[in-house]
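Undergrad: Residue numbers (full-length UniProt numbering): 1 to 224.
We put the beta carbon where it would ideally sit given N, CA and C, even for glycine.
Fair warning: this is a prediction, and the values are worked out from it, not measured in the lab.
Supplied in structure tokens, the structure appears directly below.
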Ligand SMILES: *Cc1c(COP(=O)(O)O)cnc(C)c1O
């Protein structure tokens, strides 16, 4: 954060929304993208003020960490929407379906199949995003660009998942704009409408490229 960053959670939240609106204003008829507040590594005492300031969508990248803080927060504030934005092991899929409300990291057949079974079992049919490895990075999760359209189709037709959009994390060392544009093209090809892209350092660029949802952590909660 800059030295003169606003001090309270409410001020930081308002500041991010203003920046989102400004970015959207440069798009013809742009609606405000959904803000997912990424609270990983922060505990309930840091999260509660952000909820009190009106924020409802939150993102966590680890199932176990989320289980430690969100059940209590979710029963205190009934309308929270919790997004899983990190890699999911199949042996945690049941826990994830029980706690989260949106799964953004569907990236392989085995996971899609297990998630589908768990959703059936728990009767919780959650909206999902397919995560795309948009930069083709060896160390990153996500389905390959060339396999995305077919994978989305299998998730829907074979596994019965409610795939609402695509999610990506571009390579840190590159300018993100072209990757965001490519994800938008892929989403059109795959026939999904939502685009979860853009983080603290690049959410305005993502909105310009058509993000319907941005995932902002450090700009809201501070450095991790
Ligand atoms: C941590 C994380 C974010 C938020 O990153 P910031 O740079 O802190 O805004 C967004 N998306 C994913 C998948 C993350 O793991």
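Going by CA-CA distance only, name the one from 197, 126, 32 that's closest to residue 134.
TA: By 1-based counting over the chain shown, the position of residue 134 is 134. Among 197, 126, 32, the Cα nearest to that of residue 134 belongs to 197.
Undergrad: Residue 102 to residue 125, Cα distance in whole Å?
TA: In the chain shown, residue 102 corresponds to position 102, counting from 1. In the chain shown, residue 125 corresponds to position 125, counting from 1. Approximately 9 Å, taken between the alpha carbons.
Undergrad: May I have the straight-line CA-CA distance separating residue 223 from residue 202, to the nearest angstrom?
TA: Within the chain shown, numbered from 1, the residue matching residue 223 stands at position 223. Within the chain shown, numbered from 1, the residue matching residue 202 stands at position 202. Approximately 16 Å between the Cα atoms of the pair.
Undergrad: Apart from the five residues on each side of it in sequence, which residues of its chain come closer than 6 Å, Cβ to Cβ, to residue 65?
TA: For the purposes of this step, residue 65 is taken as the residue at position 65 of the chain shown. Cβ neighbours of residue 65 beyond the five flanking positions: none.
Undergrad: Looking only at its chain, what residues have a beta carbon closer than 6 Å to the beta carbon of residue 176, apart from the 5 residues adjacent to it on each side?
TA: Reading the chain shown from its first residue, position 176 is the one you call residue 176. Cβ within range, chain order: 170, 202, 205.
Undergrad: Might you give, ordered along the chain, the residues of its own chain that have their beta carbon closer than 6 Å to the beta carbon of residue 167, omitting 5 neighbours on each side?
TA: Indexing the chain shown from 1 puts residue 167 at position 167. Taken in chain order, the residues that qualify are 104, 129, 131, 196.
Undergrad: Quick one: what does DSSP say residue 170 is sitting in, helix, strand or coil?
TA: As a first step, residue 170 must be located in the chain shown, where it is residue number 170. Looking at residue 170 - three-state DSSP - the assignment turns out to be coil, as it is neither helix nor strand.
Undergrad: Taking 7 Å as the cut-off, is the beta-carbon of residue 40 closer than that to any non-hydrogen atom of ligand 1?
TA: Working through the chain shown from its first residue, we reach residue 40 at position 40. Yes, ligand 1 has a heavy atom inside 7 Å of this Cβ.
Undergrad: Taking only the alpha-carbon atoms, compute the straight-line gap between residue 1 and residue 188 and give it to the nearest angstrom.
TA: Residue numbering aside, residue 1 sits at position 1 when the chain shown is read from its first letter. Residue numbering aside, residue 188 sits at position 188 when the chain shown is read from its first letter. Its pLDDT being 48, under 50, residue 1 is placed unreliably by the model, and the measurement read from it follows with that caveat. Computed Cα separation, rounded: 35 Å.
Undergrad: Please say whether residue 74 and residue 60 have beta carbons closer to each other than 8 Å?
TA: Translated into positions along the chain shown, residue 60 becomes position 60. Translated into positions along the chain shown, residue 74 becomes position 74. No; because the gap between Cβ atoms is not below 8 Å, this pair is not in contact.
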